[in-house]
Amino acid sequence: MASLKNFSHLSTYSASKAASYSLTQGLRSELGAKGVSILSVHPGPVDTDMGEAAGFDNGASTSVISEGIVSALKAGDFHLFPDEMAKQVESAYQSFSDNIVLADLPE
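For the record, in the sequence shown the residue sitting at position 85 is 65 according to the numbering used here, with numbers rising by one throughout.
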């Protein structure tokens, strides 16, 4: 989620995630035409040492995320919001994604 929303106590982390998301969008456009599947994964806090150190309790399990990745790739999706917190962001982000990120806008 840090690729979509800057969290002030994690500003540089959020900025790096936003750059990664922008690159992922470019790869989707460039490599998707060649049949390569590109998936942009946007989890909420993950149950890792880093998440815990950042003050996030009850992060998403890595198994929920990995199972979501497999399912999303099979479905041909571009975005994955794998956990409950991320799904709340997904519903708010959906219109922007459909109308801007996934739209065929002139380059």
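All C-beta atoms in this analysis are idealised placements derived from N, C-alpha and C, irrespective of residue type, glycine included.
Everything numeric in this text was worked out from a predicted model, so none of it was measured.
- Contact check for His59 against Ser41 fails: the beta carbons are separated by 8 Å or more.
- It is roughly 23 Å from the alpha-carbon of Ala72 to the alpha-carbon of Ser46.
- Note on Asp29: under 16 other CB atoms within 10 angstroms of its CB, so exposed under the neighbour-count rule.
- Ala(-18) and Phe36 have their C-alpha atoms some 13 Å from each other.
- Sequence-distant Cβ neighbours of Phe(-13) in its own chain, meaning closer than 6 Å and more than five residues away, are Ser(-6).
- Closest option to Ser43, judged by alpha-carbon separation, among Pro62, Ala33, Asn79, Gly31: Pro62.
- Around the CB of Lys67, fewer than 16 other CB atoms lie within 10 Å, so the residue is classed as exposed.
- Secondary structure at Leu60: strand, using DSSP grouped into helix, strand and coil.
- Looking from the CA of Val69, the closest CA among Ala33, Asp27, His22, Gly48 belongs to His22.
- With contacts defined as CB atoms closer than 8 Å, Gly39 and Gly48 fail to qualify as a contacting pair.
- Scanning Gly24, Arg8, Leu19, Val81 for the CA closest to the CA of Ala52 turns up Leu19.
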